[in-house]
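Same order as they appear, the protein sequences are chains A and B. Sequential numbering of the first sequence, starting at 1076, is according to the working numbering. Sequential numbering of the second sequence, starting at 100, is according to the working numbering. See below for the structure under consideration.
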Amino acid sequence: MKNMDNGTTSPIGRGKKQWDILVIDDEQVIIDAVVKICSSENFSVDSAIDAQNALIKLVKNYYRLIICDIMMPGMDGFDFLNELMERKITSPVIMTTGFSTVDNAVRSLYNGAIDFIPKPFTSDELLNSVIRGMKYLKIQSLLKNQRDDSAVVYVPCPAKYYRLGYSSWASEESTGSILIGATDLFIKTIENFSGIDLLSTDEELIQGNSCAYFKDQSERIYPLLSPVTGRILETNQEAAKDKTLLEKDPYFEGWLYRLLPSDSEYELKKLINCSSDRL
Amino acid sequence: MSKKIGFKLIFIVGIAAVLIIGIFSFYNIRSQSDALQAEVERHANQLSETVKHSTRYDMLLNQRDRIHTIINTIGKQPGIHDVRVLNKEGEIIYSSHEQDIGKMVDKNAESCYACHAANEPLERLPIKERTRIFYNDSSRVLGIINPIYNESSCWTAECHAHLKNQTVLGVLDVTISLTDVDEQIKRGEINTVIFALSAVAALSLLIGLFVKKWVDKPVKELVNATREIGTGNLNYVINEKKTDEFGMLAKSFNNMTKKLSEARVQLFQSDKMASLGRLAAGVAHEINNPLTGVLTYSSFLLKKTVNNPEINEDLKVIVRETKRSREIVKSLLDFARQSVPKKNNVNIEEIINKAVSVVENQLSINHIELIKNIEKDIPQVTVDSNQMQQVFINLLVNASDAIGSKGGKINLSASVIKLSPYGITHIKQAVCPKRHDLIDNETKIDGMPSIKLKVYSNGTQGYINLDPVYGRSNHIFHFPMNLEKDYKLVCPKCEISLMEEGKRCPDCNAPVYSFEVPSRGNVQGCLGKNCSWQKWEAVDLGGQKDYLEIKISDSGCGIPKENLSKIFEPFYSTKGQKGTGLGLSVIWGIIDNHNGTIKVESEVNKGTTFIIHLPINQN
């Protein structure tokens, strides 16, 4: 959340080396794979074998994006996120873990990570997330450089909505059902957004697991993580057909599913209350 | 044990019999001997009067020879010890023992004592006081004195032997031997003793036979059964045919073993699930890292080799199969994840209805009729509504699969019942007053981590692993000492005492230990020999607790007996490619995490019933 408020893109200190990506994982094979994949797309990648090492590197260098494992010896991913916040390091973080529980995913996004990729992931799943991260940086720098409020960069979530990090939102309806959809920022981080694949009615969604697949023109797939658990009562066929509906009005006309929540009271507590974004 | 009871009974009844017969015969013999003695007394008196009267005439005539003859004749009668006449001075004038004639009798002699006890001699004596019993050469003798009073004919007699102013002229003393009477009394006594002894013997024999037939046998059977159960054979059943207390005991014993065996299965399953969950989580995590290596590299290569169809096809297989592995690991993680239910107070009927609405379609397609029978006003239960819904959906889908497409019935009922906690409740946590964990994961009793304590007794020390099931005592002792009298239990880490000062076991009077179950109060118990006393107030307080019982029964194909014990195990499936085999194990895990139990009853070709018990919180 903090990243969004004081988002900066290039606070490059004197003599600091600039890297595109820092990957932190206690498994060398994963570091190697990430380096290989990201390098192939011409990103410069540095690595650290644990969070302590990463923090040392973060003093010396500037990284635009950080990919961090959650379960590591010593300082774990969540502690690392907090440490970043304390040091006011605003580089977006993508969390990943082999122990991909609902809790880990939701907690990552709650604590400020921009995305969560469960292990094992394919090279595309990783790259797509990285590309979205880079786009996110661009949006943040736009926001930073734009001194006045003349143009809207992205529409924040309405009050009384709940959001799962920057990806999805949930809104309680008076009938007890819940509407969910993608945040404007999530849609904006997809360049050349071309359309979505939705699940069908009666399928079960699980909080923190993929619930819809956003696509761009180069057929990249960006999964949207569900904000709550529940059974799909209704899918917004209009939105599935017409992607402009999502782009124009992501919070009302551009909803994705109407859910019968299984335990919204508990799950909504783990989401960020959008009313607090406006303070 | 049974012999002891028999002996005790015989001992007690024997003592009672001896006492009763003893007291009775004591009074009986006494009254009999009193009566006999009175009879002898009367007889002696009569004799004495007869002698007196028959000699009266001769006395008046002073014909001493005749008197001698009469006295001698009478004195020689059997049973009569002596007949003599004393004059006032105490001189023996006549006696059946002639050598005594002329001898003086001391005033203190037993024949004179009655009158001469006072300083002034008494002149008139009642009959009772005239008799006396004394020993003569170890045999008892009864003596009766008969004073001879002065009468006018005496002083007017020709011999002028007596003066007119004399009151008593002499004494006729008759003594009768009591040997016969004594012998009779003795015979009576001996008879009584023989009677008492034979009565006790007969009673003992009767009691012995009774105990052997009615107590010994059933107790032996019970002991056998406990031994069998102690060795782990919980299927052992005792004959319940008797209608007495032993029959009732047998019934409740069988009931207990049944419950015990159910509880053991539950606990065993619980432990297995928990460790499997941990294992699954660990394996999933460990496998995911290498899988990431495979998947990233292969998917990366896949993109790079678009122009090389041959390699590309192979790589596609690698990526596809790795993704499949990913799904398998994910389902394993889903299985392990049920450990933390998100509980809320909910209405079970709502959850059931939600679950039913999900499967309704499938049921109607298969022509299955669902009959719901939910008790009204069921109190709310604290459950994870999502997980519970999953349980019902899975069970309903299983039921539907068991019935198949030929159609059938599913009964779903929910009601409130009462169950007791003793001997079932698992002590999952235990700490000393300094909050050291007492749970020992390395020593397990029936698959559950035990409670490890240090013991001091008679100057030696050792360890004990307590059974973690409340009310059960399969403890493991790591020392050869005897704990009967005095012992002290301490925390193995900080040595703080775990004894309740001044408190004693109400069953065996041994010292009482106590440890805390965090947020659930203290468990007290004793280690007395053969004593299994334990008290956990927080759990007992509720006594029998309310449980929600949910039954789901189908009219499907049923489960063969040999498979019933396996159905809750992960990866056990009869659906072949259709299922993962995780469904029922997941259900089992969910119910266990809600402190509930699930069991299954099934008959091939008749159907299967799943029974779920969930605790209802009383507040």
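Glycine included, each C-beta is placed from N, C-alpha and C at the ideal position. Predicted model only: the values in this text are computed from it and were never measured.
Rounding to the nearest angstrom, what Cα-Cα distance links I1262 of chain A and I417 of chain B in this structure? As a position in the first sequence, residue 1262 of chain A is number 187, starting the count at 1. As a position in the second sequence, residue 417 of chain B is number 318, starting the count at 1. For I1262 of chain A and I417 of chain B, the distance between alpha carbons rounds to 32 angstroms.
Which of the three DSSP states, helix, strand or coil, is assigned to I715 of chain B? Residue 715 of chain B sits at position 616 when you count from the first residue of the second sequence. Coil, per DSSP.
Give me, in chain order, the residues of the same chain whose beta-carbon lies closer than 7 angstroms to that of I492 of chain B; leave out the 5 immediate sequence neighbours on both sides. As a first step, residue 492 of chain B is located in the second sequence; it is residue number 393 there, counting from the start. Counting only Cβ-Cβ distances below 7 angstroms, and skipping sequence neighbours, we find A454, V457 and V458.
Can you find a heavy atom of the ligand COA that lies under 8 angstroms from the Cβ of L359 of chain B? For the ligand COA, the structure offers nothing, since it holds no ligand at all.
At least 3 beta-carbon pairs within less than 8 angstroms: the stretch 501-516 of chain B vs the stretch 640-651 of chain B: yes
From which residue to which residue does the beta strand (DSSP E) around T255 of chain B run? What you label residue 255 of chain B is simply residue 156 of the second sequence in a count that begins at 1. Here T255 of chain B belongs to no beta strand (DSSP E), and DSSP marks it neither H nor E.
List the whole-angstrom C-beta distance separating V480 of chain B from L640 of chain B, where the pair is believed to meet the contact cut-off of C-beta under 8 angstroms. Your numbering for residue 480 of chain B matches position 381 in the second sequence. Your numbering for residue 640 of chain B matches position 541 in the second sequence. That belief does not hold up - the Cβ atoms of V480 of chain B and L640 of chain B are roughly 20 angstroms apart, past 8 angstroms.
Give a yes or no on whether the C-beta atoms belonging to K151 of chain B and L271 of chain B are separated by under 9 angstroms. Residue mapping note: residue 151 of chain B aligns to position 52 of the second sequence, counting from 1. Residue mapping note: residue 271 of chain B aligns to position 172 of the second sequence, counting from 1. Against a cut-off of 9 angstroms, the Cβ pair of L271 of chain B and K151 of chain B comes out as a contact.
Extent of the continuous beta strand (DSSP E) run through Q560 of chain B: For the purposes of this step, residue 560 of chain B is taken as residue 461 along the second sequence, with counting starting at 1. Start and end: T559 to L565.
Under the three-state reduction of DSSP, which class applies to R571 of chain B: helix, strand or coil? Numbered from 1 along the second sequence, position 472 holds the residue referred to as residue 571 of chain B. Reduced to three states, the DSSP call for R571 of chain B is coil.
Closest to E1200 of chain A by CA distance: which of B:L241, B:L304, B:Y396 and B:F367 is it? Indexing the first sequence from 1 puts residue 1200 of chain A at position 125. Selected option, being the one with the closest Cα: B:Y396.
Close beta carbons around L552 of chain B, own chain, < 6 angstroms, minus the five adjacent residues each side: Here residue 552 of chain B corresponds to residue number 453 of the second sequence, with the count starting at 1. Result list for L552 of chain B: I563 and L588, in chain order.
Counting only Cβ pairs nearer than 8 angstroms, list the residues of chain A close to T421 of chain B. Locating residue 421 of chain B in the second sequence gives position 322, where the first residue counts as 1. Ordered by position in chain A, the residues that pass the 8 angstroms Cβ test against T421 of chain B are P1195.
Mind listing the chain C neighbours of D1338 of chain A? Cutoff is C-beta to C-beta under 8 angstroms, in chain order. No chain C is present in this structure, whose protein chains are A and B.
From the DSSP output, in three-state form, read off D1190 of chain A for me. One-based indexing of the first sequence puts residue 1190 of chain A at position 115. In the structure shown, D1190 of chain A sits in a strand (DSSP, three-state: E or B).
Is the beta carbon of A349 of chain B sitting closer than 9 angstroms to the one on E385 of chain B? Translated into the one-based positions of the second sequence, residue 349 of chain B becomes position 250. Translated into the one-based positions of the second sequence, residue 385 of chain B becomes position 286. The answer is no: Cβ separation not under 9 angstroms.
Decide if R419 of chain B is buried, meaning its Cβ has at least 16 other Cβ atoms within 10 Å, or exposed. As a working note, residue 419 of chain B is residue 320 in the second sequence. Classification for R419 of chain B: exposed.
Starting from L302 of chain B, trace the alpha helix (DSSP H) in both directions and tell me its first and last residue. By 1-based counting over the second sequence, the position of residue 302 of chain B is 203. That run of the alpha helix (DSSP H) goes T278 to F309.
When you check each C-beta in the stretch 1137-1165 of chain A against every C-beta of chain B, which residues fall closer than 8 angstroms? M1146
Quick check: the stretch 393-408 of chain B against the stretch 1183-1193 of chain A, are at least 3 beta-carbon pairs closer than 8 angstroms? no
Within the chosen definition, does the stretch 622-637 of chain B reach the stretch 599-610 of chain B through at least 3 CB pairs nearer than 8 angstroms? yes
According to DSSP, is A1245 of chain A helix, strand or coil? Your numbering for residue 1245 of chain A matches position 170 in the first sequence. Looking at A1245 of chain A - three-state DSSP - the assignment turns out to be strand.
Going straight from the alpha carbon of I232 of chain B to that of Q131 of chain B, what length do you get? Position 133 of the second sequence, counting from 1, holds the residue named residue 232 of chain B. Position 32 of the second sequence, counting from 1, holds the residue named residue 131 of chain B. C-alpha separation (whole angstroms): 17 angstroms.
Would you call S351 of chain B buried or exposed, if buried means 16 or more other Cβ atoms sit within 10 Å of its Cβ? Residue mapping note: residue 351 of chain B aligns to position 252 of the second sequence, counting from 1. S351 of chain B should be labelled exposed.
Starting from P246 of chain B and walking both ways along the alpha helix (DSSP H), at which residues does that stretch end? Taking the first residue of the second sequence as 1, we reach residue 246 of chain B at position 147. That residue, P246 of chain B, is in no alpha helix (DSSP H); its beta strand (DSSP E) goes S238 to Y248.
If you measure from the beta carbon of Q479 of chain B to each beta carbon in chain A, is any gap under 9 angstroms? Counted from its first residue, the second sequence places residue 479 of chain B at position 380. Q479 of chain B does not count as touching chain A.
Under 9 angstroms between beta-carbons, which chain A residues line up against N387 of chain B? List them in chain order, please. Taking the second sequence and counting its residues from 1, the one referred to as residue 387 of chain B is at position 288. In chain order: T1172, G1173, F1174, S1175, P1193, K1194 and P1195.
Which of the residues in the stretch 390-412 of chain B, read from start to end, lie with their CB under 9 angstroms from any CB of chain A? L390, T391, G392, V393, L394, T395, Y396, S397, S398, F399, L400, L401, K402 and K403
R1238 of chain A in three-state terms, based on DSSP: Sequence index remark: in the first sequence, residue 1238 of chain A carries index 163 (1-based). The answer is strand: DSSP assigns R1238 of chain A an E or B state.
Compute the Euclidean distance between the alpha carbons of E1313 of chain A and L1202 of chain A, then round it to the nearest angstrom. Working through the first sequence from its first residue, we reach residue 1313 of chain A at position 238. Working through the first sequence from its first residue, we reach residue 1202 of chain A at position 127. Going from the Cα of E1313 of chain A to the Cα of L1202 of chain A covers about 29 angstroms.
Just how far apart, CA to CA, sit E700 of chain B and L333 of chain B? Stepping through the second sequence from its first residue, residue 700 of chain B is reached at position 601. Stepping through the second sequence from its first residue, residue 333 of chain B is reached at position 234. So the two alpha carbons sit approximately 18 angstroms from each other.
Relative to the C-alpha of F1191 of chain A, which residue among A:E1161, A:D1151, A:S1242 and A:L1334 is closest? Sequence index remark: in the first sequence, residue 1191 of chain A carries index 116 (1-based). Ranking A:E1161, A:D1151, A:S1242 and A:L1334 by Cα distance to F1191 of chain A puts A:S1242 first.
6 angstroms Cβ shell around L268 of chain B - same chain, five flanking residues per side excluded: On the second sequence, position 169 is the one that residue 268 of chain B refers to. Cβ neighbours of L268 of chain B beyond the five flanking positions: I247, N249 and H261.
A1315 of chain A beta carbon less than 9 angstroms from that of I1271 of chain A: Taking the first residue of the first sequence as 1, we reach residue 1271 of chain A at position 196. Taking the first residue of the first sequence as 1, we reach residue 1315 of chain A at position 240. Closer than 9 angstroms, so yes.
According to DSSP, A1257 of chain A sits in a beta bridge with which residue or residues? Along the first sequence, one-based indexing puts residue 1257 of chain A at 182. According to DSSP, which records beta bridges pairwise, A1257 of chain A is partnered with A:S1243.
Closer than 6 angstroms by C-beta to L431 of chain B: which residues in its own chain qualify, once you throw out the five before and the five after it? Chain order, please. Taking the second sequence and counting its residues from 1, the one referred to as residue 431 of chain B is at position 332. Cβ within range, chain order: A379 and A383.
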